[in-house]
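Please read the structure below before turning to the comments.
In the numbering used here, the protein residues as written are 78 to 173.
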């Protein structure tokens, strides 16, 4: 795999990490919606389990956000160290 292909793959992984971050955020929002509905229902078992799920998902979200930050830096460093320009990327895209 040449450096342009590797960079493009790194960009793809970065987008997938961003998607994962968005998915985790959506789960947290959904839990909040269910918790709000449960205020009317007042089902204790539901409340306890949702709280446990929320805690786990929130920890995962923090990990994914950290991964996103560090991998963003990794991708930028790779681009810089390999002198990858936008023109090179455009040419690569046109040829593939």
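Glycine included, C-beta positions come from ideal geometry on N, C-alpha and C.
request  = Would you decide whether residue 101 is buried or exposed? Buried here means 16 or more other CB atoms lie within 10 Å of its CB.
outcome  = Counted from its first residue, the chain shown places residue 101 at position 24. The C-beta of residue 101 has 16 or more other C-beta atoms within 10 Å across all chains shown, which makes the residue buried.
message = Am I right that residue 138 and residue 108 are in contact with their C-beta atoms under 8 Å? What's the rounded C-beta distance?
response = Here residue 138 corresponds to residue number 61 of the chain shown, with the count starting at 1. Here residue 108 corresponds to residue number 31 of the chain shown, with the count starting at 1. With a Cβ gap of about 11 Å, residue 138 and residue 108 do not count as contacting.
request  = Alpha carbon to alpha carbon, how far is residue 155 from residue 116? Give it in angstroms, no decimals.
outcome  = Taking the chain shown and counting its residues from 1, one reaches residue 116 at position 39. Taking the chain shown and counting its residues from 1, one reaches residue 155 at position 78. Each residue's alpha carbon lies about 50 Å from the other.
inquiry  = Taking the straight line between their C-alpha atoms, what separation do you get for residue 127 and residue 111?
reply    = Locating residue 127 in the chain shown gives position 50, counting from the first residue. Locating residue 111 in the chain shown gives position 34, counting from the first residue. Going by the C-alpha atoms only, they are around 8 Å apart.
inquiry  = Distance check for residue 150 and residue 88, CA to CA, integer angstroms please.
reply    = Walking along the chain shown from the start, residue 88 turns up at place 11. Walking along the chain shown from the start, residue 150 turns up at place 73. So the alpha carbons of these two residues sit roughly 11 Å apart.
task = Over the uninterrupted alpha helix (DSSP H) stretch that includes residue 115, give me the two end residues.
result = Here the question's residue 115 lines up with position 38 in the chain shown. Looking at the DSSP string, the run of the alpha helix (DSSP H) that includes residue 115 is 80-118.
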